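A.B. asks: Residue numbering for the sequence shown follows my numbering, starting at 51 and increasing by one per position.
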Amino acid sequence: MKIKSQRDFWSGLMFVAIGVGFAWGATSYSFGSSANPGPGYFPFGLGLVLALLGGMVLFTSLTIETADGDPVGAFAWRPLVVIIGAVVMFGVLLPRLGMIIALPLLVIISSFASEEFSLKAAVGNAVVLTALSWTVFVWGLKLTIPLWPTIFGAGA
Numbered sequence: 051m052k053i054k055s056q057r058d059f060w061s062g063l064m065f066v067a068i069g070v071g072f073a074w075g076a077t078s079y080s081f082g083s084s085a086n087p088g089p090g091y092f093p094f095g096l097g098l099v100l101a102l103l104g105g106m107v108l109f110t111s112l113t114i115e116t117a118d119g120d121p122v123g124a125f126a127w128r129p130l131v132v133i134i135g136a137v138v139m140f141g142v143l144l145p146r147l148g149m150i151i152a153l154p155l156l157v158i159i160s161s162f163a164s165e166e167f168s169l170k171a172a173v174g175n176a177v178v179l180t181a182l183s184w185t186v187f188v189w190g191l192k193l194t195i196p197l198w199p200t201i202f203g204a205g206a
């Protein structure tokens, strides 16, 4: 069997692997029931859906012909390192600096991964995402997330 679209083949394979990994990891948690789902219910279902979608992409990569075979280009190391570094930094800084400072730093530093970086757009995204995150997680879901640096007193 010939791969007719390399890009679709590798992305489909990646989705299948991640989906199966999530579904398998979710089996160690309680499933609960449909009326009262446990912590493993959603990740298991999401993993299966992701694996199925990846399987569909894999299937099309082997059956639908593309003009040049959609070769996979060079690996983008810089964006990968910048984004992973920003996420790690967010995880380290959130308990110390709070969401109001750590989240905008995450968004702005992650924006440097793009070749089309604009400080104005990055700051705008940071403001909107911080406001939405506060609305959803702190106000809506009532999660205890530190909002401000610990030197200013209690977090959330």
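We treat Cβ as the ideally placed atom computed from N, Cα and C, and that holds for glycine.
Predicted model, so just to flag it, every value in this text is computed and none were measured.
1. Just the C-alpha distance for F125 and V70, rounded to the nearest angstrom, thanks.
2. Measuring alpha carbon to alpha carbon, tell me which residue in W74, W189, T180 is nearest L96.
3. Would you call the stretch 58-65 and the stretch 97-106 touching, i.e. three or more CB-CB distances under 8 Å?
4. Pick helix, strand or coil for P87, following the three-state DSSP scheme.
5. Select from L130, K52, T77, I151 the residue whose C-alpha is nearest the C-alpha of I195.
6. Which ranges would you report for the alpha helix (DSSP H) in the stretch 55-113 if only whole runs of at least 4 residues count?
7. Output the distance between the C-alpha atoms of I159 and V188, rounded to the nearest integer angstrom.
8. Could you have a look at V186 and say whether DSSP puts it in helix, strand or coil?
9. What residue from T180, A176, L193, K54 has the CA that sits closest to T110's CA?
10. With C-beta atoms as the reference, is M149 less than 9 Å away from T180?
11. Tell whether a beta-carbon distance below 9 Å holds between F94 and T77.
12. Here's a check: name, in chain order, each residue in its chain whose Cβ is nearer than 7 Å to the Cβ of P89, leaving out the five neighbours to either side.
13. Just to check my reading of the structure: V107 and S61 have Cβ atoms closer than 8 Å, yes? What is that Cβ distance to the nearest angstrom?
14. Name the residue from W198, L155, L112 whose alpha carbon lies nearest to the alpha carbon of I133.
15. Taking the alpha helix (DSSP H) that S160 belongs to, which residues open and close that run?
16. Compute the Euclidean distance between the alpha carbons of G190 and L130, then round it to the nearest angstrom.
C.D. replies: Reading from the atomic positions:
1. Taking the straight line joining both Cα atoms gives about 24 Å.
2. W74
3. yes
4. strand
5. I151
6. Scanning the stretch 55-113 for uninterrupted alpha helix (DSSP H) segments of 4 residues or longer gives 56-76, 91-113, listed from N- to C-terminal end.
7. Cα-Cα distance, rounded: 23 Å.
8. helix
9. Nearest option by C-alpha distance: K54.
10. Cβ distance < 9 Å, so M149 and T180 count as in contact.
11. yes
12. Excluding residues within five positions, the ones whose Cβ falls inside 7 Å are Y79, S80.
13. 6 Å
14. Closest by alpha carbon: L155.
15. 149-161
16. 32 Å
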